[in-house]
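**Q** A single structure is presented below for examination.
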Amino acid sequence: MENTGPIAFFVPSLTVGGAERVTVSVANGLSKRGYDVDLVVSYNEGDFRTDVAGSVNVVDLGTQRIPGIGIGASVPALVRYLRRQSPQILFSQMTYANDMHMISQILSGADTTAISTIHNTLGMQEESKEKLVQWLQRRLAGQSDQFVAVSEGVAKSIVEHVGVDREKVSVLHNPIPVDEVQARAGKPVDHPWIESANIDVVLGVGRLERAKNFGSFLRAFEQVHAARPDTRAIIVGRGSKRAELETLAAELGIDAAVSFPGFVDNPYGYMAGSDVLAMSSVHEGLPTVLIEALACGCPVVSTDCPSGPAEILKDGEYGPLVDVDDDEGLAAAIRTTLDEPLPSDILIERANDFAPAAVIDQYEAFIRSFVSVETTDSVDKRSEPLTPS
30 MENTGPIAFF VPSLTVGGAE RVTVSVANGL SKRGYDVDLV VSYNEGDFRT
80 DVAGSVNVVD LGTQRIPGIG IGASVPALVR YLRRQSPQIL FSQMTYANDM
130 HMISQILSGA DTTAISTIHN TLGMQEESKE KLVQWLQRRL AGQSDQFVAV
180 SEGVAKSIVE HVGVDREKVS VLHNPIPVDE VQARAGKPVD HPWIESANID
230 VVLGVGRLER AKNFGSFLRA FEQVHAARPD TRAIIVGRGS KRAELETLAA
280 ELGIDAAVSF PGFVDNPYGY MAGSDVLAMS SVHEGLPTVL IEALACGCPV
330 VSTDCPSGPA EILKDGEYGP LVDVDDDEGL AAAIRTTLDE PLPSDILIER
380 ANDFAPAAVI DQYEAFIRSF VSVETTDSVD KRSEPLTPS
């Protein structure tokens with residue numbers, strides 16, 4: 030019998046995070062195009078709950094994290110959901126959700142196409158994991174019918190670390206709400222350097238952690254500032270490395286020219302008001318900060334790290350790429366961009382390639398390559414969450 034169940038997405042919760050935001054955006058986009066969409070969550074909590082379209086059916090498995098098990102407690106409920114609803118496709122997001130999905134798929138025996146979505150370069154993610162955990166996760170990952178990678182670099186890492194054929198990996202970019210980013214970019218920012226027409230601002234945005242490599246950003250900026258004393262640097266974000274970075278700025282003699290405002294509600298205003306955004310990361314998946322900066326018309330420079338920057342910037346067409354930890358190269362790229370920035374309309378045009386409509390087109394084509402689906406007019410299905418029992 031032909032499976033006529035919904036298109037489903039599984040994520041642990043709807044708390045604020047990149048994978049959760051992407052899941053809600055894609056689910057909403059498909060539902061608005063007439064697809065029957067289930068958004069399956071282990072526990073229906075988080076700020077993104079209010080962003081879910083009324084036409085998306087939220088399935089609350091009603092399970093919580095249990096110490097030592099985590100979202101593994103969701104497996105029995107997810108098995109019941111698969112057996113009862115028999116979705117045509119189930120996309121899971123995030124590593125442990127992918128693991129729980131594969132276990133549940135095996136136990137349920139459901140006629141569902143199982144899709145694991147990978148957001149980060151696998152080799153980088155696994156460095157800190159125990160060998161047994163790595164082995165188990167690779168074995169479970171191998172049970173996926175297909176993988177979705179958010180960039181070509183992530184796709185390559187799946188092939189290398191899971192050992193699947195490239196044909197089993199499809200690249201579907203994360204949707205970026207370009208219109209929303211641009212609307213918020215027009216709002217005022219409470220920072221004196223952003224307001225000043227006499228200051229060139231070099232912006233960094235991200236978690237203050239090792240992977241973002243803001244030490245390299247500061248060392249590069251020290252060279253830029255030496256050549257152009259009117260430049261200032263703003264690093265937006267919070268994290269465990271803040272004190273270390275503030276100390277480094279003082280040691281480099283640039284502490285008066287560097288601002289650490291911490292977390293801000295509207296980084297897009299900073300992007301719109303800055304002269305260049307510099308990304309110094311060691312590794313990424315598909316760095317949305319670059320796309321968001323492009324959407325704001327802010328020129329960008331980036332390390333050519335695995336993975337995503339080269340793909341977003343089309344090998345340097347939309348912004349210079351430099352080697353990871355090449356402080357001098359990053360400084361030179363920043364100076365060149367300050368002197369000869371790309372026109373904002375060109376940057377915005379590139380950002381639109383990652384807008385939700387374009388990404389939903391990709392998802393539609395992907396879904397239809399696996400199943401035959403009929404779409405209907407979108408209707409409001411918001412009600413009390415369905416909890417499998």
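The opening residue of the sequence shown carries number 30 in the working numbering; numbering runs sequentially from there. Beta carbons: idealized from backbone N, C-alpha and C, even for Gly. Being a predicted model, the structure only gives us computed values, none of them experimental.
#1: In the DSSP assignment, find the unbroken alpha helix (DSSP H) run with GLN134 in it and report its ends.
#2: Does the Cβ of GLU346 have 16 or more other Cβ atoms within 10 Å, making it buried, or fewer, making it exposed?
#3: Name the residue from GLU74, ARG62 and PRO335 whose alpha carbon lies nearest to the alpha carbon of SER84.
#4: Flag this pair as yes or no: are the beta carbons of SER420 and GLY314 separated by less than 8 Å?
#5: Here's a check: name, in chain order, each residue in its chain whose Cβ is nearer than 6 Å to the Cβ of PHE120, leaving out the five neighbours to either side.
#6: When the Cα atoms are used, what is the spatial distance from SER71 to LYS270?
#7: For GLY337, which residues from the same chain have a beta carbon less than 8 Å from its beta carbon, with the 5 sequence-adjacent residues on both sides left out?
#8: Can you name the residues that DSSP bridges to ILE86?
#9: Count the CB pairs spanning the segment 264-283 and the segment 230-240 that are closer than 8 Å, and state whether there are at least three.
#10: Under 8 Å between the Cβ atoms of PRO204 and SER54?
#11: Do you know offhand how far ALA260's Cα is from GLN114's?
#12: On the DSSP letters alone, give me the boundaries of the alpha helix (DSSP H) that LEU107 sits inside.
#13: Would you kindly report the start and end of the unbroken beta strand (DSSP E) that includes GLY233?
#14: Taking the alpha-carbon positions, what's the ILE283 to GLN175 distance?
#15: Go ahead and pull the three-state DSSP assignment for MET30.
#16: Skipping 5 residues on each side, what residues in its chain have a beta carbon closer than 8 Å to that of TYR392?
#17: Determine the contact status of PRO221 and MET123, defining contact as a CB-CB distance below 8 Å.
#18: Output yes or no for whether 8 Å exceeds the beta carbon distance between SER245 and ASP356.
#19: Go ahead and label THR52 buried or exposed: buried means 16 or more other beta carbons lie within 10 angstroms of its beta carbon, across all protein chains shown.
#20: Which parts of the segment 202-277 are runs of the beta strand (DSSP E), unbroken and 3 residues or longer, counting only runs that do not cross its ends?
#21: Please report the straight-line C-alpha distance between ARG112 and GLY47, rounded to a whole angstrom.
#22: My guess is that HIS190 and LEU151 are in contact by the Cβ rule of under 8 Å, so how many angstroms apart are they, rounded?
#23: Can you tell me whether DSSP reads ALA143 as helix, strand or coil?
#24: What does a CB cutoff of less than 6 Å around VAL353 pick up in its chain, not counting 5 residues either side in sequence?
#25: What span of residues does the beta strand (DSSP E) with THR404 cover, start to end?
#26: What do you reckon, are the CB atoms on LEU232 and GLU251 nearer than 8 Å?
#27: ILE375 by DSSP, collapsed to three states: which one?
#28: When DSSP labels each residue in this structure, what does GLN175 get in the three-state scheme?
#29: Could you check whether VAL305 and VAL287 sit closer than 8 Å to each other, using their CB atoms as the reference points?
#30: Round the Cβ separation of LEU107 and SER133 to the nearest angstrom and send it over; I've been treating them as touching at under 8 Å.
#31: Quick check: the Cα distance between ASP140 and GLN117, rounded to an integer number of angstroms?
#32: On the DSSP bridge list, what partners appear for ILE396?
**A** Concretely, from the data shown:
#1: GLN134 -> alpha helix (DSSP H) spans 124-137.
#2: Only exposed fits GLU346, as fewer than 16 other CB atoms lie within 10 angstroms of its CB.
#3: Looking at the Cα atoms, ARG62 is the closest of the given residues.
#4: Since the first residue of the chain shown is 30 and the last is 418, residue 420 is not available in this structure.
#5: Result list for PHE120: PHE38, ILE144 and THR146, in chain order.
#6: For SER71 and LYS270, the distance between alpha carbons rounds to 32 Å.
#7: Closer than 8 Å at Cβ, skipping near neighbours: VAL179, SER180, GLY182, VAL183, GLU313, GLY314, LEU315, PRO316 and LEU319.
#8: The identity of residue 86 in the sequence shown is Asn, whereas the question assumes Ile. Bridge partners of ASN86: ASP67.
#9: A contact exists between the segment 264-283 and the segment 230-240.
#10: Going by C-beta atoms, PRO204 is nearer than 8 Å to SER54.
#11: Checking the sequence, you will find Thr at residue 260 rather than Ala. For THR260 and GLN114, the distance between alpha carbons rounds to 58 Å.
#12: Here the alpha helix (DSSP H) through LEU107 covers 104-114.
#13: Note, GLY233: beta strand (DSSP E), 229-234.
#14: In a straight line, the C-alpha of ILE283 is about 49 Å away from that of GLN175.
#15: Reliability fails at MET30, whose pLDDT of 45 lies under 50, so the model's placement of it is uncertain and no value is given.
#16: Same-chain partners within the cutoff: VAL55, GLY58, LEU59 and LEU201.
#17: PRO221 is not a Cβ neighbour of MET123, given a cutoff of 8 Å.
#18: Taking 8 Å as the Cβ cut-off, SER245 and ASP356 qualify as a contacting pair.
#19: With 16 or more Cβ atoms within 10 Å of its Cβ, THR52 is classed as buried.
#20: Fully enclosed beta strand (DSSP E) runs of 3 or longer: 229-234 and 260-265.
#21: ARG112 and GLY47: Cα-Cα distance of roughly 29 Å.
#22: About 4 Å separates the CB atoms of HIS190 and LEU151; that is less than 8 Å, so the two are in contact.
#23: Three-state DSSP puts ALA143 in a strand.
#24: Listed in chain order, the non-local C-beta contacts of VAL353 below 6 Å within the same chain comprise VAL311, THR332 and CYS334, local neighbours out to five positions each way being set aside.
#25: No beta strand (DSSP E) contains THR404, which DSSP labels as neither H nor E.
#26: Not closer than 8 Å, so no.
#27: DSSP, reduced to helix, strand and coil, places ILE375 within a helical segment of the structure shown.
#28: Note: GLN175 maps to strand in three-state DSSP.
#29: No, these two residues do not count as a Cβ contact at 8 Å.
#30: 4 Å between Cβ atoms; contact.
#31: Answer to the nearest angstrom: the Cα atoms are 7 Å apart.
#32: Answer is none; ILE396 lacks a bridge partner.
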